[in-house]
Structures are given as structure tokens and as C-alpha cells.
Ligand SMILES: Cc1cc2nc3c(=O)[nH]c(=O)nc-3n(C[C@H](O)[C@H](O)[C@H](O)COP(=O)(O)O)c2cc1C
Ligand SMILES: [Mn+2]
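Residue numbers (this note's numbering): 13 to 488.
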């Protein structure tokens, strides 16, 4: 049975012992962010703040819903101990059987409705997440709904929202994202505002799908339905022609005016640093806010691994790349994006079919919507388990030629968040990309390839068998 809403998910985590209720009063100003951060850095249960300084007891904050693989597995309705590879397989399976949402007339997100002058986003205990952030961020765990003006295609994504004032928020939807692309290339081109609806605190798997790098034209809500095994219930908005999950905790409706830019950021980011500049970025003028009684504001405290986005991308992004490469006929056997590498690095394992297959893999990834932001790719042979970091480091150190095995393209598109980027690169979103080829060259003689000195490869089967039996005799 899928979760009906965030609250049912919280109840389940409570049963699993994976929530820390915090009854003491906590300050929205940095303190909540610091506690969530601590839970991320130690892999601890998700903090659930019951009392926020200066706010009524009815307002609560829930931090890092999916910051561990275990919580993501639970959200997907899987065995809590499922592996990354298993979650990837489940995600890819669901994608084959999309389930369209249904529209309902009533839902808890309409329990309170504020429009026009009544809108005040600071009625919620919006956190100042990190010291040095450009402001308080109401959107660090939510989903954004928008529509293509030509085809009517509805897109979900997650793009951060900083508060400018009580009814204006920022949005960072990079040009390569669907919302960012549709806004600049379609709405601004015809000088029309773009409507946006933001659902804060929907059922967690909906947020997971919103952040998945699904291709253009695919509606994330259909994939969410597939993972749930039941359609998502949507409800129409009050002031925009969009629909949101009916059980969302808080819904923000508004529009992005063409060509409007307001200084936004900085913010502690998924790369583990506060690297991108404060910069004029698009904004959303809020027309209505609706919310449940006793609303739960969801938040993350982005930064060094492991946070929600690192866990999510180790499943969805890596699975998308796997499917993409397989779809191009490349005999890839696994793709991993270790949470520790902030999805700036992916590892691809392949049964080498021809010389320099690593080049094909890298170019397919870099030319794709979901892979153009990944500056590092490690290509290993299928005898290396791409999900085992020790195996990957061993392959990198022993099979990648320090000169011929490392290939760099100097001037490519970039995201401006890379901690190593200089000021010019950050401002113009330019940067290098590198792939590491950890495969034995196809043009080597078989006798030139060193034999691996492992138990499995360098001993005759009977000697290996005997060695194992000897150990077993000693009780190992
Ligand atoms: C917690 C979290 C925060 C994110 N914040 C942003 C953001 O501020 N800007 C952005 O462009 N992408 C952000 N992303 C990544 C996008 O959600 C992701 O690229 C998604 O695929 C975008 O949807 P789209 O492909 O439909 O455009 C974030 C992801 C997560 C998990
Ligand atoms: Mn999309």
C-alpha cells in the first residue's frame, strides 16, 4: 500500500525507529539547519521538530525525509535493506508502466486558503539553513509544477526557493532543467508569465520523482503513480491552471514574470560547498498559499554528503544513465553514482566491445540532459563492481594510465556550482569534463595484460578450494 501522504510516511519511519522527534524548542534561524546537517553527516534518523521558536505549536518542521538509502527504499515500498542496484531496477521497471494521476475535488491541502494580500510566507517557520545563505529558504524539499504552453505537457521538478519578501520567492532552475528551459525558451520568448505551483511536503516518493532526470515530454507524476502502484491524487489550484498533490502540506501558487530577475543566493549546495555566486535569478510572485491544519514544513540542509539529493541521484540519475547507455547498444553492466561524490562523478562498468568504448560512453552521457552536468566519469570493465567503492578505486589506480587513460575536454557547458570553478567559469557556466578509462586497451596482446593476483585468478581451482576449506575448518 503506498503512503497517502507525508504523515503516513512519518508514522512508518516512527515504527522503524528512523525518526528523531525533537520536543525542545528549536530556532528556525540556523539551529534546525545545524541539527539536520548533523543527522546527514552521521546517517542518523530524520529530525522532526515539534516546536519552533516564535511560531505556534501547530507549525512543525520535518528534516531530510530521504537522506538514507533505507528511507528511500521505504518510500518506494521496497525492503528497507534493498541495495542501490535493486532500487535502480525498481525505478526502471516502474518507468515502463506509467500510471496517470486522477483529479479529486477535495483534499487536505485546502484546509486553509490565503489569497492576494493575505499571503504571508513567513506564517511558516521557514529556516535560515546555513550561515551565509542569501535568505530563508522555503523550498528545499518540495516539487514544482509547470506546464509547456505549446503541448500542455506538465512537468515536475525541484528547484530551490529563497524568500525575498512575504509574497515573492526566488527560483534556481538552471537552463538545462525542464522548467528553466520552458520558461526562458517558450514563455519569455512570447513575453508571457509562466504559472508555477509548489507543493511542499507531498508524499516523499512524489518528490523523488520530481527530482529524477526524466526525459523531456515525460510527466514525473505518471512515474510516481507507477512506483506507488496507484494513481497520484491531484487537486486543482486556486489561482493558476495547474494541479498539485491533494495531500501536500503547503501549496504555493504564483507566476514567473518574463525577464524578471532578483538577486538570489548564495546557498550551501549539493556539492558540499557554498560555491555559486549571489546572482540575479528568476522569481515567483505568489498569488495564493493553501495549507493543511498543523502544516509540516519539509526541509533539507544541503552540504557535504550524505543528504537527500545524493541518495536520490545514486538511484534515479544512475538508473537513467544505465538505461540511456544500454539503449545506445553499449553493453554496460552497471552505473553507480556514489553519494560521496555529490553526483559530480559516475562509474560505468562495461563488457568492452571495441577499442575506446570509454569515449563513446562519455560522449553519450555528456550529450544527454541527465548527464551534461557530470564532470567526472570513470569507466571500468565488468570484472569491477561499480557499486563497490574499493573495487573502483583499485581499478582507477591500477588500470587507468596516468596520461593515456585520462581524457579532458577543456571548454564545455557547466553548472556554475563546481567548487573548483573560477569566477569566470561560475558566472558563464563553463567548465572542463574528464573521463578515466580503466579498461585494458583492446590493441594490447593478451600476454601484455597483467594477470590479476587475486585468489580467484592466480591460483588453480583445486588449490583455491583447499585454501577455502582450510579456513572453514578453523570456523571462519
Ligand atoms: C533537494 C534537491 C534540491 C534541488 N535543487 C535544485 C535547484 O535549486 N535548481 C535546479 O536546477 N535543480 C535542483 N535540483 C535538481 C533537480 O530537481 C533535477 O535536475 C530535476 O531533474 C529537475 O526536473 P526537470 O528535469 O523536470 O527539470 C534539486 C534536487 C534535489 C534532490
Ligand atoms: Mn522533467
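All C-beta atoms, glycine included, are put in the ideal place defined by N, C-alpha and C. Just so you know, these numbers come straight off a predicted model, no measurement behind them.
Quiz: which residues have CB nearer than 6 Å to ligand 2 non-hydrogen atoms:
167, 169, 190, 226, 232
Which whole-angstrom value describes the C-beta separation of residue 218 and residue 244, a residue pair presumed to lie in contact below a C-beta threshold of 8 Å?
6 Å
Considering only C-alpha positions, which residue in the set 327, 348, 230, 172 is nearest to residue 280?
172
Please state if the CB of residue 257 and the CB of residue 211 are separated by a distance shorter than 7 Å.
yes
Cβ-based neighbour list, residue 365, same chain, cut-off 6 Å, excluding 5 preceding and 5 following:
343
Leaving aside the five residues before and after residue 424 along the sequence, list all residues of the same chain whose C-beta is less than 6 Å from its C-beta, in chain order.
445
Considering only their Cβ atoms, is the gap separating residue 351 from residue 327 smaller than 7 Å?
no
DSSP three-state call for residue 18: helix, strand or coil?
helix
Sort 272, 221, 61, 56 by Cα distance to residue 43 and report the nearest one.
61
Just verifying my parser: in three-state terms, what is the DSSP assignment at residue 349?
coil
Taking the alpha helix (DSSP H) that residue 258 falls in, what are its first and last residues?
From DSSP, residue 258 is part of no alpha helix (DSSP H); its letter is neither H nor E.
Looking at the secondary structure, which residues open and close the beta strand (DSSP E) in which residue 401 lies?
Note, residue 401: premise wrong, no beta strand (DSSP E); alpha helix (DSSP H) at 401-411.
Can you give, in chain order, each stretch of the alpha helix (DSSP H) that sits fully within the region 323-379 and has at least 4 residues?
369-378
Among 122, 435, 481, 415, which has the Cα closest to the Cα of residue 290?
435
Please state if the CB of residue 463 and the CB of residue 470 are separated by a distance shorter than 7 Å.
yes
Could you give the residue range of the beta strand (DSSP E) that holds residue 136?
Here residue 136 belongs to no beta strand (DSSP E), and DSSP marks it neither H nor E.
Could you say which of 72, 453, 81 lies nearest to residue 317 if we only look at CA atoms?
81
Closer than 8 Å is the cut-off here; do at least three beta carbon pairs connect the region 88-95 with the region 235-253?
yes
Which residues DSSP lists as bridging residue 265, in chain order
209, 300
Which partner residues does residue 248 have in the DSSP bridge list?
255
For residue 173, write down the residues that DSSP places opposite it in a beta bridge.
151
DSSP three-state label for residue 295, please.
strand
Around the Cβ of residue 148, are there at least 16 other Cβ atoms within 10 angstroms (buried) or fewer (exposed)?
buried
How would you write the range of the alpha helix (DSSP H) that residue 216 sits in, first residue to last?
216-223
In angstroms with no decimal places, state the Cα-to-Cα distance between residue 76 and residue 437.
31 Å
Applying the 10 Å Cβ sphere with the 16-neighbour rule, what's the burial state of residue 100?
buried
To the nearest angstrom, report how far apart residue 84 and residue 458 are at their CA atoms.
44 Å
Residue 319 by DSSP, collapsed to three states: which one?
coil
Per DSSP, cross-strand counterpart(s) of residue 182
295
Taking 6 Å as the limit between beta carbons, can you name the residues of its chain near residue 331, skipping five residues before and five after?
100, 103, 104
Taking buried to mean at least 16 other C-beta atoms within 10 Å of its own C-beta, is residue 156 buried or exposed?
buried
Beta-carbon spacing of residue 120, residue 246 below 7 Å
no
Would the region 346-360 and the region 398-411 be scored as touching if the rule is three or more Cβ pairs under 8 Å?
yes
C-alpha distance - residue 483 paired with residue 473, whole-angstrom precision
16 Å
What first and last residue would you give for the alpha helix (DSSP H) that runs through residue 475?
473-485
Exposure label - residue 455; buried when at least 16 CB within 10 Å
exposed
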